[in-house]
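Student: Numbering (the numbering used here), first residue to last: 7 to 133. In this text, a Cβ means the ideal position worked out from N, Cα and C, and glycines have one as well. Only a predicted model underlies this, so the values are computations on that prediction, with no experimental measurement involved. Mind having a look at this structure? Questions to follow.
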Amino acid sequence: MAKKVGRTGKAYGIDISPGMLEITKKRLDRAGLVERVELCCGDAIKLPYEDNKFDAVFMSFTLELFDAPEIPKVLDEIKRVLKPNGRLSVVSMSKENGESKLLKLYEWFHEKFQNMWIADRSMSNAP
Ligand SMILES: C[S@@+](CC[C@H](N)C(=O)[O-])C[C@H]1O[C@@H](n2cnc3c(N)ncnc32)[C@H](O)[C@@H]1O
7 MAKKVGRTGK
17 AYGIDISPGM
27 LEITKKRLDR
37 AGLVERVELC
47 CGDAIKLPYE
57 DNKFDAVFMS
67 FTLELFDAPE
77 IPKVLDEIKR
87 VLKPNGRLSV
97 VSMSKENGES
107 KLLKLYEWFH
117 EKFQNMWIAD
127 RSMSNAP
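Next up, the structure:
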């Protein structure tokens, strides 16, 4: 994302986990891209950004962590911060091609280690 926005662009990253943000910052530092990115510790259910701010939003392996009733709330928030005609890209596991071993492993991991990535605000120190 930071590469794609170019020298004059800006990317924003949000995660509820300070540890994940640390990892992201280290990677950006190593890639010499830290100036292009503003990182924030926060909750996707209440994004700390103004309306119509972004051209595009990208999220990977995160939407499925929310309880089903919360997913429309997250999507509403994303819609709020996207400009009209803005783009949302979501990366997630698909079951369309049957039950692959990778999918089973992914589901097993999420089942066993729910608290590791749980989309639960009480698990973080986000404001
Ligand atoms: C499975 S990891 C995926 C990380 C990264 N997006 C990737 O594709 O490698 C899920 C991420 O969602 C974050 N997360 C969970 N609940 C969240 C929430 N309510 N708001 C923001 N981020 C959240 C976790 O901290 C974790 O970094």
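Who are the near neighbours of leucine 39 in its chain, counting only those whose CB is closer than 6 angstroms to its CB and skipping five residues on each side?
Tutor: Taken in chain order, the residues that qualify are Ala8.
Student: Out of curiosity, what's the CA-to-CA distance linking leucine 71 and phenylalanine 119?
Tutor: If you take the alpha carbons of leucine 71 and phenylalanine 119, they lie about 12 angstroms apart.
Student: Under the rule that 16 or more other beta-carbon atoms within 10 Å means buried, what is phenylalanine 60, buried or exposed?
Tutor: Under this definition phenylalanine 60 is a buried residue.
Student: From cysteine 47 to methionine 65, what distance separates their C-alpha atoms?
Tutor: Taking the straight line joining both Cα atoms gives about 15 angstroms.
Student: Which term fits leucine 111, buried or exposed, when burial requires 16 or more other beta carbons within 10 angstroms of its beta carbon?
Tutor: Exposed: under 16 other Cβ atoms inside 10 Å.
Student: So is aspartate 82 buried or exposed if we call it buried at 16+ other beta carbons inside 10 Å?
Tutor: That one is exposed.
Student: If the criterion is Cβ atoms closer than 9 angstroms, does the pair lysine 89 and glutamate 44 meet it?
Tutor: It is not a contact, given that the beta carbons lie outside the stated cut-off.
Student: If you measure between the beta carbons of alanine 50 and valine 80, is that distance less than 9 angstroms?
Tutor: Yes.
Student: Using DSSP's beta-bridge definition, name the partner residues of glutamate 44.
Tutor: Per DSSP, Tyr18.
Student: Please classify aspartate 73 as buried or exposed, where buried requires at least 16 other C-beta atoms within 10 Å of its C-beta.
Tutor: When all chains shown are included, aspartate 73 counts as exposed.
Student: Would you check whether ligand 1 has a heavy atom nearer than 8 angstroms to the C-beta of valine 40?
Tutor: Checking the Cβ of valine 40 against ligand 1 gives no.
Student: Between which two residues does the beta strand (DSSP E) holding aspartate 61 run?
Tutor: Unbroken beta strand (DSSP E) run through aspartate 61: 60-66.
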